[in-house]
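Student: Residues are numbered in the working numbering as their position in the sequence shown, beginning at 1, plus a constant of 1.
Heads up, the beta-carbon is just placed ideally off N, CA and C, and yes, glycines get one too.
Remember, it's a predicted structure, so these values are computed and weren't measured experimentally.
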Amino acid sequence: MLIHSASQLLTLKGGPQRGAALGTLGLIENGAVVVRDEKIVAVGTTAELKNAYPDEPTLDAGHCVLMPGFVDPHTHLIWAGDRADEFEMKMSGVPYLDILAAGGGIISTVRATRKASMETLIAQTRPRLLRMFSHGTTTAEAKTGYGLQTSTELRLLKALLALDDESPLDLAITFLGAHAIAPEYKDNPQGYTDEVVNTMLPMLKEWWETHAPRLPLPFVDVFCEHKAFTLEQSRQILTKAGSLGFPLKIHADEFENLGGASLAAELGAASADHLVRTSDADIQALAKSDTVAVALPCTPFGLAERDYTPANKILAAGGMLALATDCNPGTSWNESMQFAIALACRYMRLTPAQAIAAATINSAHAIRRSDLIGSIEVGKQADMLILSVQDYRQVGYRYGTNLVKQVIKRGQVYSVDVGYYRTA
Ligand code: NIG
Ligand code: FE
Numbered sequence: 002m003l004i005h006s007a008s009q010l011l012t013l014k015g016g017p018q019r020g021a022a023l024g025t026l027g028l029i030e031n032g033a034v035v036v037r038d039e040k041i042v043a044v045g046t047t048a049e050l051k052n053a054y055p056d057e058p059t060l061d062a063g064h065c066v067l068m069p070g071f072v073d074p075h076t077h078l079i080w081a082g083d084r085a086d087e088f089e090m091k092m093s094g095v096p097y098l099d100i101l102a103a104g105g106g107i108i109s110t111v112r113a114t115r116k117a118s119m120e121t122l123i124a125q126t127r128p129r130l131l132r133m134f135s136h137g138t139t140t141a142e143a144k145t146g147y148g149l150q151t152s153t154e155l156r157l158l159k160a161l162l163a164l165d166d167e168s169p170l171d172l173a174i175t176f177l178g179a180h181a182i183a184p185e186y187k188d189n190p191q192g193y194t195d196e197v198v199n200t201m202l203p204m205l206k207e208w209w210e211t212h213a214p215r216l217p218l219p220f221v222d223v224f225c226e227h228k229a230f231t232l233e234q235s236r237q238i239l240t241k242a243g244s245l246g247f248p249l250k251i252h253a254d255e256f257e258n259l260g261g262a263s264l265a266a267e268l269g270a271a272s273a274d275h276l277v278r279t280s281d282a283d284i285q286a287l288a289k290s291d292t293v294a295v296a297l298p299c300t301p302f303g304l305a306e307r308d309y310t311p312a313n314k315i316l317a318a319g320g321m322l323a324l325a326t327d328c329n330p331g332t333s334w335n336e337s338m339q340f341a342i343a344l345a346c347r348y349m350r351l352t353p354a355q356a357i358a359a360a361t362i363n364s365a366h367a368i369r370r371s372d373l374i375g376s377i378e379v380g381k382q383a384d385m386l387i388l389s390v391q392d393y394r395q396v397g398y399r400y401g402t403n404l405v406k407q408v409i410k411r412g413q414v415y416s417v418d419v420g421y422y423r424t425a
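In structure tokens form, the structure reads like this:
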């Protein structure tokens with residue numbers, strides 16, 4: 002298939018973009034791409050590729066931007082129920098961490114999730130996944146973490162593997178058994194940490210090798226935060242996970258600076274995420290590492306807070322910045338990377354070009370898939386978007402509506418922008 006006549010083709014070629022290089026779009030005017038099976042086989046101008054591939058079936062992308070699919074590298078996609086009641090409380094002034102400490106917050110979703118069957122979990126998660134896909138996310142990371150006990154955490158993993166199998170979108174799975182202190186260990190956080198380290202992680206390794214032997218090992222993540230896991234407990238969990246061969250991630254500095262970002266850099270984690278209260282020393286440590294700084298602007302927005310990730314400090318230091326939705330029922334129920342980009346432009350002062358690179362090639366690197374996805378280059382998986390706009394700066398400028406017209410996933414074309422048709 003020859004996709005041709007794109008007003009702007011954004012290739013994002015050349016690998017993850019560090020510091021001042023962020024925003025290098027590799028733009029080709031009147032661009033074209035040839036796709037065969039699941040892969041990209043040629044990239045160039047429409048004139049060049051029409052000439053080289055005269056007999057190829059065509060797809061017209063006239064008046065449209067053609068770009069890589071969004072990669073959402075941080076979501077808590079799978080849970081049961083909702084927390085509309087807590088949203089109302091938060092908007093009347095009760096702080097998020099107080100709700101968590103009083104047994105609400107993450108723990109209230111844990112209660113609902115533990116009660117839910119595998120079928121219920123899949124049925125409630127599927128529409129979120131499809132909303133992500135129709136908003137242009139072609140690969141998403143998805144965390145467990147609303148089980149906090151082995152049986153439920155394994156059910157979440159199973160459900161995620163089933164969803165990955167059935168849906169066009171690809172999932173990169175993360176084990177977040179250390180999302181909060183399990184209610185059974187309310188007064189003994191070290192006891193729960195020991196349980197994660199000594200029981201859950203070794204069991205996870207065995208379970209994965211039996212149930213998903215062909216997939217790479219999942220990421221292991223920890224919520225390093227006041228009232229969740231201390232820096233020392235986070236180190237215990239991640240060190241053990243690393244020694245078992247799991248790739249690592251961390252939730253750091255969402256509310257308070259505990260040093261989680263430096264820990265991530267030290268342990269060679271794939272990413273450190275949130276980074277709202279990150280110190281200059283932590284930013285320097287990240288910038289010297291291959292750990293991607295993942296900003297989640299939908300989260301402060303969702304909590305009606307004023308501080309966002311200091312993107313320009315991270316870039317000035319030479320760090321690698323990515324964007325994600327953090328889709329979850331407590332702080333950010335939002336499936337759209339387009340909305341994350343709109344917020345990142347305004348509150349993190351990114352240009353549309355920087356935000357697009359952070360949401361494609363750099364976010365692919367945050368899940369260690371930048372060799373396969375995140376850009377339009379020969380040999381890569383054919384995951385692309387045709388947007389209903391002619392200029393990439395419309396992305397970020399416009400928000401609250403969907404600019405995606407068609408999603409191309411592994412070479413298959415899915416129409417999104419169907420419009421309204423009157424049935425007779
Ligand atoms: O990334 N920080 C921890 N986890 C989520 C919130 C989860 C929840 O409130 O249910 C986050 O913001
Ligand atoms: Fe999160």
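In the DSSP assignment, the beta strand (DSSP E) including T140 goes from what residue to what residue?
Tutor: Element bounds for T140: 138-144.
Student: Do A253 and L268 have their beta-carbon atoms positioned less than 8 Å apart in this structure?
Tutor: Taking 8 Å as the Cβ cut-off, L268 and A253 do not qualify as a contacting pair.
Student: Apart from the five residues on each side of it in sequence, which residues of its chain come closer than 7 Å, Cβ to Cβ, to A365?
Tutor: Once the five neighbours on either side are set aside, the close Cβ partners of A365 are V72, S371, I374, G375.
Student: For the segment 89-98 and the segment 35-44, state whether three or more C-beta atom pairs, one from each stretch, are separated by less than 8 Å.
Tutor: Output reads no: the segment 35-44 does not touch the segment 89-98.
Student: Can you name the start and end residues of the alpha helix (DSSP H) that E154 belongs to?
Tutor: Looking at the DSSP string, the run of the alpha helix (DSSP H) that includes E154 is 151-167.
Student: For C328, which three-state DSSP category applies?
Tutor: Coil, per DSSP.
Student: Below 8 Å, how does it come out for the segment 197-206 and the segment 344-357: are there three or more Cβ pairs, yes or no?
Tutor: Counting Cβ pairs under 8 Å, fewer than three are found: no touch.
Student: Which whole-angstrom value describes the C-beta separation of Q407 and V396, a residue pair presumed to lie in contact below a C-beta threshold of 8 Å?
Tutor: In fact, because the Cβ distance is near 15 Å, the residues do not count as touching under 8 Å.
Student: Between the alpha carbons of T240 and D195, how many angstroms are there, rounded?
Tutor: Going from the Cα of T240 to the Cα of D195 covers about 13 Å.
Student: Measure the C-alpha to C-alpha separation of L304 and M2 and round it to an integer number of angstroms.
Tutor: So the two alpha carbons sit approximately 44 Å from each other.
Student: Let me know if M338 comes out buried or exposed under the rule of 16 or more other beta-carbons within 10 Å of its beta-carbon.
Tutor: Its Cβ being crowded by 16 or more others within 10 Å, M338 is buried.
Student: Which residues in the same chain as Y186 place their Cβ atom closer than 6 Å to its Cβ, once the five residues preceding and following it in sequence are excluded?
Tutor: Counting only Cβ-Cβ distances below 6 Å, and skipping sequence neighbours, we find G192, Y193.
Student: Given 8 Å as the limit, is there contact between the segment 113-123 and the segment 40-51, that is, 3 or more CB pairs closer than that?
Tutor: Counting Cβ pairs under 8 Å, fewer than three are found: no touch.
Student: I'd like to know whether the C-beta atoms of T300 and A270 end up nearer to each other than 8 Å.
Tutor: Cβ distance not < 8 Å, so T300 and A270 don't count as in contact.
Student: The beta strand (DSSP E) that contains A365, what's its start and end?
Tutor: Where A365 is concerned, there is no enclosing beta strand (DSSP E), although the alpha helix (DSSP H) it sits in stretches over 362-367.
Student: Given this structure, state the Cα-to-Cα distance separating A288 from E257, to the nearest angstrom.
Tutor: Whole-angstrom Cα-Cα distance: 20 Å.
Student: In whole angstroms, give me the CA-to-CA distance for L264 and R236.
Tutor: Cα to Cα, the separation comes out at about 7 Å.
Student: Thinking C-alpha only, which one of I4, Q382, V198, L11 is nearest T59?
Tutor: Minimum Cα distance to T59 is reached at I4.
Student: Determine the contact status of V295 and A367, defining contact as a CB-CB distance below 8 Å.
Tutor: Contact flag set, yes.
Student: Is the distance from the Cβ of L426 to the Cβ of G32 below 8 Å?
Tutor: Since the first residue of the chain shown is 2 and the last is 425, residue 426 is not available in this structure.
Student: Which residue from A62, P55, I29 puts its Cα closest to that of T46?
Tutor: Ranking A62, P55, I29 by Cα distance to T46 puts I29 first.
Student: Consider the C-beta atom of D308 and the heavy atoms of the ligand FE; say whether any pair is separated by less than 7 Å.
Tutor: No; taking the cut-off as 7 Å, the Cβ of D308 has no heavy atom of the ligand FE nearer than that.
Student: In terms of residues, what are the limits of the beta strand (DSSP E) holding T231?
Tutor: No beta strand (DSSP E) holds T231; DSSP gives it neither H nor E.
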